[in-house]
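Asker: Chains as they are written, first to last, in our numbering: chain L, 11 to 148; chain X, 3 to 111; chain W, 10 to 294; chain E, 9 to 164.
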């Protein structure tokens with residue numbers, strides 16, 4: 011990914027800002043999550059989100075989700091300009107309701123996973139991923 | 003249109019009937035997010051893989067909706083039940099209308 | 010300023026710069042695909058004259074997540090480019106209608122020991138050649154094909170393929186004999202400060218490896234893992250392109266990939282890793 | 009970099025008003041590399057100096073740890089010493105000397121000179137990798153250096 015110097019700088023500034031402010035999902039993130047849940051109440055438990063505490067590069071961040079009994083799991087990067095990341099829909103032959111992938115994070119932020127369970131209920135898990143700032147360059 | 007798009011999958015050659023196996027997939031693709039600008043400051047249009055599916059003998063294993071926040075060269079790892087011998091079919095759908103597929107047979111050991 | 014204060018300050022600075030160079034993670038071990046053992050730590054070669062006691066692959070400085078990506082070829086996105094290189098190896102090109110395979114056969118056998126000894130003196134041409142220069146010599150002189158651009162696309166794919174079949178062999182670049190003059194030129198460049206930031210390779214990668222520069226964990230700058238897939242730009246990166254990036258970040262006028270200066274520097278830096286395994290294509294941040 | 013150039017241009021334009029400003033070549037160093045005189049005659053602004061510590065400006069935290077800045081500019085380097093209590097350990101003149109040209113104080117230091125325009129090897133045009141046409145622009149302006157010194161003096 012070729013980032014312009016300016017974009018990199020903006021990203022770094024974004025990171026700094028994210029670090030100062032206490033976490034609050036952006037309106038865009040809240041909307042994206044609500045679109046997935048249909049506005050239903052979201053509980054906790056039964057969903058494991060695995061992400062690095064510190065990502066060496068925000069361009070390629072490995073993450074995993076696991077929610078036994080889920081129908082689907084959506085992932086959101088609440089600090090990205092567009093918070094949606096992916097939705098995993100599990101079919102009849104899924105061996106487990108788990109998946110791993112690699113995602114892009116535009117700076118330090120919370121990654122949120124929301125699972126839709128077989129009974130129609132929703133659960134949520136989130137983890138902060140600190141995206142590093144390089145020392146070199148302007 | 004994205005160039006040199008090549009799908010890759012890793013599936014065991016055989017499994018016990020009813021066993022759960024791990025599958026890995028990787029497709030070479032730039033996943034152009036639509037949020038970047040070229041050196042002249044013009045936006046580079048979005049061009050991503052937007053959906054990935056895995057089926058076994060016609061039944062869905064997983065069906066993934068991808069957004070631009072999925073990294074270049076999209077990678078997935080997931081698990082599948084193997085009730086019988088058969089064929090996995092993997093399909094990637096590109097924004098530009100291209101569809102890439104790969105299939106792998108699995109035997110019952 | 011009091012003289013005593015100055016002395017203690019110099020002492021503190023020296024501590025910050027040298028004694029503090031934290032040890033790399035000596036417990037990490039790299040085994041690829043569960044079978045291919047990679048030497049990521051070795052006694053420093055004698056020609057470093059004690060500048061380093063131990064040499065470490067850049068792999069040991071990376072985070073757990075990045076390390077894991079290199080431990081399985083399916084998880085290593087660099088292998089995408091190896092596949093392209095492999096296809097090119099078997100493709101006839103140029104006026105002679107020959108492929109690499111026509112002369113060299115199966116690269117897994119014929120190329121296994123190659124990456125470990127490059128850059129290398131070429132008697133006939135009377136020059137030190139990087140692996141990329143040798144690939145182009147083959148193309149232009151044997152195949153009648155066009156030279157590939159240094160450190161770009163197809164060239165990096167081929168270099169990655171040739172590196173991949175040499176993984177696990179021990180880097181053993183010759184520093185004496187006819188290569189010695191270029192090696193010395195490379196050594197001088199390594200220790201020469203450049204740019205408005207006035208930094209040499211050694212400032213970061215010899216005096217401060219193991220330390221953080223902002224959130225970057227400084228490595229020894231070893232190149233046994235090149236070409237390397239960087240998470241930063243999600244593609245293969247060549248050694249000399251990487252050199253260029255580093256020199257640029259000292260706010261200097263860089264040399265160009267393929268220049269005699271960078272060829273000499275590649276020889277010298279490669280020789281600093283004598284004793285480590287060939288590792289390319291590696292995964293780095 | 010662009011911003012630094014603009015700032016420098018601004019200073020050049022207002023050269024008349026900033027007559028008191030000391031040019032990089034005219035800085036007077038003491039026996040141990042210290043610089044007693046303010047570069048501008050205008051008191052430094054510690055708040056502005058605090059901002060200079062970050063990447064995109066002085067980038068001090070790339071190498072130096074400052075506890076007070078951990079929240080606002082996370083991830084600090086370990087290459088140089090911590091700057092906590094630096095205002096107790098050094099005088100203002102010492103700090104000014106180190107920021108202007110640390111090599112006058114520590115000959116082998118890795119720290120760049122932030123107010124120096126000559127004597128470089130292969131001087132580049134910012135971070136472009138291309139040669140710089142014409143004279144160098146100092147990494148920080150005279151006032152930015154005064155601001156940083158004012159900030160560092162608050163670290164007590």
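We put the CB at the ideal spot given by N, CA and C, even for glycine.
1) In the DSSP assignment, the alpha helix (DSSP H) including residue 156(E) goes from what residue to what residue?
2) Could you tell me the alpha carbon to alpha carbon distance between residue 126(E) and residue 290(W), rounded to whole angstroms?
3) Whole angstroms is fine: what's the gap from residue 127(W)'s alpha carbon to residue 185(W)'s?
4) Answer with buried or exposed for residue 62(W), where buried requires no fewer than 16 other C-beta atoms within 10 angstroms of its C-beta.
5) Between residue 89(L) and chain A, is any beta-carbon pair separated by less than 8 Å?
6) Quick one, are the C-beta atoms of residue 132(E) and residue 211(W) less than 8 Å apart?
7) With distances taken between CB atoms, is the gap from residue 121(L) to residue 61(L) smaller than 8 Å?
8) Can you tell me whether residue 44(X) is buried or exposed, with buried defined as 16 or more other CB within 10 angstroms of its CB?
9) Tell me whether residue 105(X) is buried or exposed, calling it buried when 16 or more other Cβ atoms sit within 10 Å of its Cβ.
10) Could you tell me which of 73(X), 79(X), 54(X), 107(X) sits nearest to residue 241(W), measuring between CA atoms?
11) Under the three-state reduction of DSSP, which class applies to residue 220(W): helix, strand or coil?
12) May I ask you to report which of helix, strand or coil DSSP gives residue 283(W)?
13) To the nearest angstrom, report how far apart residue 10(X) and residue 80(W) are at their CA atoms.
14) Below 8 Å, can you find three or more Cβ-Cβ pairs linking the stretch 72 to 87 of chain L to the stretch 110 to 117 of chain L?
15) Indicate whether the contact test is met: 3 or more Cβ pairs, each with one atom in the stretch 217 to 230 of chain W and one in the stretch 113 to 133 of chain W, closer than 8 Å.
16) Counting contacts by CB-CB distance shorter than 8 Å, is residue 73(L) in contact with chain X?
17) Output the boundary residues of the beta strand (DSSP E) element that contains residue 124(L).
18) Checking the sheet assignment: what are the DSSP bridge partners for residue 241(W)?
19) Does the Cβ of residue 18(X) have 16 or more other Cβ atoms within 10 Å, making it buried, or fewer, making it exposed?
20) Please check if any C-beta of chain W sits within less than 8 Å of the C-beta of residue 106(X).
21) Distance check for residue 124(E) and residue 40(E), CA to CA, integer angstroms please.
22) What separation, rounded to the nearest whole angstrom, lies between the Cα atoms of residue 108(E) and residue 244(W)?
23) Please name the residues in the stretch 78 to 108 of chain W whose beta-carbon is closer than 8 Å to at least one beta-carbon of chain X, in chain order.
24) Using Cβ-Cβ distances below 8 Å, what residues of the stretch 204 to 225 of chain W are close to chain L?
25) Report all residues from its chain with a CB closer than 7 Å to the CB of residue 31(L); omit the five preceding and five following residues, and keep chain order.
26) May I ask you to list the residues that DSSP assigns as paired with residue 76(L)?
27) For a contact defined as C-beta to C-beta under 8 Å, what are the partners of residue 275(W) on chain E?
28) Would you say residue 122(E) faces chain L, with C-beta separation under 8 Å as the test?
29) Going by DSSP, which residues form a beta bridge with residue 106(X)?
30) Is residue 124(E) helix, strand or coil by DSSP?
31) For residue 106(E) and residue 251(W), I'd like the C-alpha separation in whole angstroms.
32) What is the rounded straight-line gap between the Cα of residue 55(L) and the Cα of residue 135(L)?
33) Please confirm whether residue 55(L) has its beta-carbon closer than 8 Å to some beta-carbon of chain W.
34) Between residue 91(X) and residue 88(E), what straight-line distance do the alpha-carbon atoms span, to the nearest angstrom?
35) Along the stretch 134 to 146 of chain L, where does the CB come closer than 9 Å to a CB of chain E? Name the residues.
36) When you compare the CB of residue 160(W) with every CB in chain E, is at least one pair closer than 8 Å?
Answerer: The structure says:
1) Taking the fourth chain and counting its residues from 1, the one referred to as residue 156(E) is at position 148. First-last of the alpha helix (DSSP H) with residue 156(E): 150 to 161.
2) On the fourth chain, position 118 is the one that residue 126(E) refers to. On the third chain, position 281 is the one that residue 290(W) refers to. Residue 126(E) and residue 290(W): Cα-Cα distance of roughly 41 Å.
3) Indexing the third chain from 1 puts residue 127(W) at position 118. Indexing the third chain from 1 puts residue 185(W) at position 176. Approximately 13 Å, taken between the alpha carbons.
4) Taking the third chain and counting its residues from 1, the one referred to as residue 62(W) is at position 53. Taking all protein chains shown into account, residue 62(W) has fewer than 16 neighbouring C-beta atoms within 10 Å of its C-beta and is therefore exposed.
5) The chain labelled as chain A is not found among the protein chains of the depicted structure, namely L, X, W and E.
6) On the fourth chain, residue 132(E) is found 124 positions in, with the first residue counted as 1. On the third chain, residue 211(W) is found 202 positions in, with the first residue counted as 1. Taking 8 Å as the cut-off, the Cβ atoms of residue 132(E) and residue 211(W) do not count as close.
7) What you label residue 121(L) is simply residue 111 of the first chain in a count that begins at 1. What you label residue 61(L) is simply residue 51 of the first chain in a count that begins at 1. Between residue 121(L) and residue 61(L), the C-beta spacing is below 8 Å.
8) Counted from its first residue, the second chain places residue 44(X) at position 42. Exposed: under 16 other Cβ atoms inside 10 Å.
9) Position 103 of the second chain holds residue 105(X). Residue burial is scored here from C-beta neighbours: residue 105(X) has fewer than 16 other C-beta atoms within 10 angstroms and is therefore classed as exposed.
10) In the third chain, counting from the first residue as 1, residue 241(W) sits at position 232. Selected option, being the one with the closest Cα: 73(X).
11) Here residue 220(W) refers to the residue found at position 211 when the third chain is read from its first residue. It is coil, neither helix nor strand.
12) Counting from 1 along the third chain, the entry for residue 283(W) is found at position 274. DSSP places residue 283(W) within a strand segment (E or B) once states are collapsed to three.
13) Stepping through the second chain from its first residue, residue 10(X) is reached at position 8. Stepping through the third chain from its first residue, residue 80(W) is reached at position 71. The alpha-carbon atoms of residue 10(X) and residue 80(W) are separated by roughly 17 Å.
14) At 8 Å Cβ cutoff, the stretches touch.
15) The answer is no - the stretch 113 to 133 of chain W does not touch the stretch 217 to 230 of chain W, with fewer than three Cβ pairs under 8 Å.
16) Mapped onto the first chain, residue 73(L) falls at position 63. It does not; no Cβ of chain X falls within 8 Å.
17) Taking the first chain and counting its residues from 1, one reaches residue 124(L) at position 114. Under the DSSP assignment, residue 124(L) falls in the beta strand (DSSP E) whose first and last residues are 119 to 127.
18) Against the third chain, residue 241(W) aligns to sequence position 232. DSSP lists no partner for residue 241(W).
19) Taking the first residue of the second chain as position 1, residue 18(X) is located at position 16. So residue 18(X) counts as exposed.
20) Working through the second chain from its first residue, we reach residue 106(X) at position 104. Interface residue (Cβ-Cβ distance to chain W less than 8 Å): residue 106(X) is not classified as such.
21) The residue you call residue 40(E) lines up with position 32 of the fourth chain. The residue you call residue 124(E) lines up with position 116 of the fourth chain. Distance between the alpha carbons of residue 40(E) and residue 124(E): 17 Å.
22) As a working mapping, residue 108(E) is identified with position 100 in the fourth chain. As a working mapping, residue 244(W) is identified with position 235 in the third chain. In this structure, the CA atom of residue 108(E) is about 39 Å from the CA atom of residue 244(W).
23) Those residues of the stretch 78 to 108 of chain W that come within reach of chain X (Cβ to Cβ, closer than 8 Å) are 83, 84, 86, 89, 92, 93.
24) Residues passing the 8 Å Cβ filter: 221, 222, 223, 224, 225.
25) Working through the first chain from its first residue, we reach residue 31(L) at position 21. The predicted model places residue 31(L) with a pLDDT of 43, which falls under 50 and marks its position as unreliable, so this point remains unresolved.
26) Here residue 76(L) refers to the residue found at position 66 of the first chain. Per DSSP, 58(L), 108(L).
27) For the purposes of this step, residue 275(W) is identified with residue 266 of the third chain, where counting begins at 1. Within 8 Å Cβ-Cβ: nothing; residue 275(W) doesn't reach chain E, min ~18 Å.
28) For the purposes of this step, residue 122(E) is identified with residue 114 of the fourth chain, where counting begins at 1. For residue 122(E), the answer is no, since every Cβ of chain L falls outside 8 Å of its Cβ.
29) Mapped onto the second chain, residue 106(X) falls at position 104. Under DSSP, the beta-bridge partners assigned to residue 106(X) are 90(X).
30) Looking up residue 124(E) in the fourth chain gives position 116. Under the three-state reduction of DSSP, residue 124(E) is assigned to coil, being neither helix nor strand.
31) Translated into positions along the fourth chain, residue 106(E) becomes position 98. Translated into positions along the third chain, residue 251(W) becomes position 242. A direct Cα-to-Cα measurement between residue 106(E) and residue 251(W) gives close to 31 Å.
32) For the purposes of this step, residue 55(L) is identified with residue 45 of the first chain, where counting begins at 1. For the purposes of this step, residue 135(L) is identified with residue 125 of the first chain, where counting begins at 1. So the two alpha carbons sit approximately 8 Å from each other.
33) Numbered from its first residue, the first chain carries residue 55(L) at position 45. For residue 55(L), the closest Cβ of chain W is not nearer than 8 Å.
34) Against the second chain, residue 91(X) aligns to sequence position 89. Against the fourth chain, residue 88(E) aligns to sequence position 80. One C-alpha to the other measures close to 55 Å.
35) Those would be 140, 142, 143, 144, 145, 146, in chain order.
36) Walking along the third chain from the start, residue 160(W) turns up at place 151. No, residue 160(W) lies away from the interface with chain E (no Cβ there is under 8 Å from its Cβ).
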